[in-house]
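According to this note's numbering, the sequence shown is numbered sequentially starting from 10.
Below: the structure, in structure tokens.
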Amino acid sequence: MRPSGRSACAALAALALGGGCGGDPAEPEPVATAIAITPATATLEDAGETVQLTAKVTDQKGQTMTDVEVAWSTDDSLVAEVSASGLVEGGESGKTTVRASLPALAATATVTVEPGPRAVLHAVHRKMNGDDWIFDLNWKTDAPLDTWHGVFTDTAGNVTTLALQNNGVAARIAPEIGMLRTLVVLSIYDNELTGPIPPEIGGLENLEVLTLFQNGLTGRIPPELGNLRNLRYLNLSRNELTGAIPPEIGSLDGLDTLNLSRNELTGPVPPEIGNLRNLLQLKLDQNTLLSGRLPRELIGIPLVWFTWYETDLCYPADQEFQRWLWGIRTHSGNRMCSS
Numbered sequence: 010m011r012p013s014g015r016s017a018c019a020a021l022a023a024l025a026l027g028g029g030c031g032g033d034p035a036e037p038e039p040v041a042t043a044i045a046i047t048p049a050t051a052t053l054e055d056a057g058e059t060v061q062l063t064a065k066v067t068d069q070k071g072q073t074m075t076d077v078e079v080a081w082s083t084d085d086s087l088v089a090e091v092s093a094s095g096l097v098e099g100g101e102s103g104k105t106t107v108r109a110s111l112p113a114l115a116a117t118a119t120v121t122v123e124p125g126p127r128a129v130l131h132a133v134h135r136k137m138n139g140d141d142w143i144f145d146l147n148w149k150t151d152a153p154l155d156t157w158h159g160v161f162t163d164t165a166g167n168v169t170t171l172a173l174q175n176n177g178v179a180a181r182i183a184p185e186i187g188m189l190r191t192l193v194v195l196s197i198y199d200n201e202l203t204g205p206i207p208p209e210i211g212g213l214e215n216l217e218v219l220t221l222f223q224n225g226l227t228g229r230i231p232p233e234l235g236n237l238r239n240l241r242y243l244n245l246s247r248n249e250l251t252g253a254i255p256p257e258i259g260s261l262d263g264l265d266t267l268n269l270s271r272n273e274l275t276g277p278v279p280p281e282i283g284n285l286r287n288l289l290q291l292k293l294d295q296n297t298l299l300s301g302r303l304p305r306e307l308i309g310i311p312l313v314w315f316t317w318y319e320t321d322l323c324y325p326a327d328q329e330f331q332r333w334l335w336g337i338r339t340h341s342g343n344r345m346c347s348s
């Protein structure tokens, strides 16, 4: 017996070959084909600050799928942690990738933890024993930054000066100071600083004045200071700095004052110092282990003050060098080189 039209139609429908006699094809099941994270990038200014990420899953027709849950993960949980709902919490400084995933499908967002100036200054206070400073008015408070002792800002609120001189600061310099990218003046002289100068200071590309003299600083002068291309005044005198004068100092072509006196520096004066064509004051005195002849590259620097006494340096005997040397208004040094 041949099947009736109705039973044939039912059989075909059961095989999902037509969805019914004379009807439209069956609607396909929605399948996740794309994930988009909002926002795609985020910057957090302090540990503990949060940002909510959302993941939008769409199907093959571009329709939003509301009943699909993604799995959240982060490449570096020290920089930022992410919850099961996409809430990101900042940790250490750095950058990490946050993922929203489904089987065989994922999307990413970039999260950067970069402390703002207030958070950086709080870290400086904490790491540099700020509770023992002579003056720390308004530090550790929510008061405007330009009311904090020794902190000055521009009209946009950027920190331009950190002046903690004569303040009883007995600690290492916090490397976090290198995050204050808008600094123009860094002045921490006449304190009890210890340890080396952190190389992170070399990242302060807007710095014009750096004064760290009369402290207990030790170690070598970091070559990273050669990156401070806007620097005009550098005073590291009266410390216990050791090692050679880094030739990278010769990159500071805007420098007008270089004071390295009263340290324990060794070796010759690098000829690269001769590149400092705006230098007016050069003080190398009382570094008893500085040795060798002064480089002829110094000729042409418009010095008005040059001291190198109590060193083992000597000056070249040729007339050209001597004319340059005796033309300096104030100079004081050692002997002429024997040959």
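Cβ coordinates follow ideal geometry from the N, Cα and C atoms, glycine included.
{"Asked": "Please report the residue range of the beta strand (DSSP E) in which Phe144 lies.", "Found": "Phe144 -> no beta strand (DSSP E), and no H or E assigned at all."}
{"Asked": "Spell out the partners DSSP gives Gly301 in its beta bridges.", "Found": "Leu322"}
{"Asked": "Below 8 Å on the Cβ atoms is my contact criterion, and I expect Val194 with Thr170 to pass it. Report the Cβ-Cβ distance as a whole number of Å.", "Found": "4 Å"}
{"Asked": "Does the Cβ of Pro325 have 16 or more other Cβ atoms within 10 Å, making it buried, or fewer, making it exposed?", "Found": "buried"}
{"Asked": "Would you mind giving the Cβ-Cβ distance between Arg229 and Gly252, rounded to the nearest angstrom? I have them listed as a contact below 8 Å.", "Found": "4 Å"}
{"Asked": "Going by DSSP, what residues sit across from Thr117 in a beta bridge?", "Found": "Arg108"}
{"Asked": "Taking the alpha-carbon positions, what's the Gly28 to Ala35 distance?", "Found": "Because Gly28 carries a pLDDT of 47, less than 50, the predicted location of this residue cannot be relied on, and the following value inherits that uncertainty. Answer to the nearest angstrom: the Cα atoms are 5 Å apart."}
{"Asked": "What are the start and end residues of the alpha helix (DSSP H) that includes Phe330?", "Found": "328-335"}
{"Asked": "If I follow the unbroken beta strand (DSSP E) through Leu96, where does it start and stop?", "Found": "96-99"}
{"Asked": "Give the straight-line distance between the Cα atoms of Thr47 and Asp84, rounded to the nearest whole angstrom.", "Found": "18 Å"}
{"Asked": "Distance check for Arg344 and Leu245, CA to CA, integer angstroms please.", "Found": "25 Å"}
{"Asked": "Taking only the alpha-carbon atoms, compute the straight-line gap between Val313 and Val178 and give it to the nearest angstrom.", "Found": "33 Å"}
{"Asked": "Quick check: the region 45-60 against the region 113-128, are there 3 or more CB pairs under 8 Å?", "Found": "yes"}
{"Asked": "In three-state terms, what does DSSP make of Met74?", "Found": "coil"}
{"Asked": "Would you give the residue range spanned by the alpha helix (DSSP H) that Arg135 belongs to?", "Found": "126-136"}
{"Asked": "Tell me, please, which residues DSSP counts as bridged to Val122.", "Found": "Leu53, Gly103"}
{"Asked": "Is it right to say Met10 is buried, meaning 16 or more other beta carbons lie within 10 angstroms of its own, or is it exposed?", "Found": "Because the pLDDT at Met10 is just 46, under 50, the model does not fix this residue reliably, and the value given afterwards should be weighed accordingly. Met10 should be labelled exposed."}
{"Asked": "Which ranges does the beta strand (DSSP E) cover as unbroken runs of at least 3 residues, wholly within the region 147-178, from first to last along the chain?", "Found": "160-162, 168-172"}
{"Asked": "Would you kindly check if the distance between the Cβ of Thr67 and the Cβ of Met74 is under 8 Å?", "Found": "yes"}
{"Asked": "Does the structure place the region 181-195 close enough to the region 209-228 that three or more beta carbon pairs sit under 8 Å?", "Found": "yes"}
{"Asked": "I'd like to know whether the C-beta atoms of His158 and Leu146 end up nearer to each other than 8 Å.", "Found": "yes"}
{"Asked": "Decide yes or no for the touch test of the region 231-241 against the region 254-266: beta carbon pairs closer than 8 Å, at least 3 of them.", "Found": "yes"}
{"Asked": "Per DSSP, which one or two residues make a beta bridge with Thr275?", "Found": "Leu298"}
{"Asked": "What residues in its chain sit with their C-beta under 8 Å from that of Glu214, if we drop five residues either side in the sequence?", "Found": "Arg190, Asn236, Leu237, Arg238, Asn239"}
{"Asked": "What does Met188 pair with, by DSSP beta-bridge criteria?", "Found": "Paired residues: none, contrary to the question."}
{"Asked": "According to the Cβ coordinates, are Asn248 and Ala180 closer than 8 Å?", "Found": "no"}
{"Asked": "If you drop the 5 nearest sequence neighbours on each side, which residues of the same chain put their C-beta closer than 6 Å to that of Asn167?", "Found": "Thr191"}
{"Asked": "What number of angstroms, rounded off, separates the C-alpha of Pro231 from the C-alpha of Asp327?", "Found": "34 Å"}
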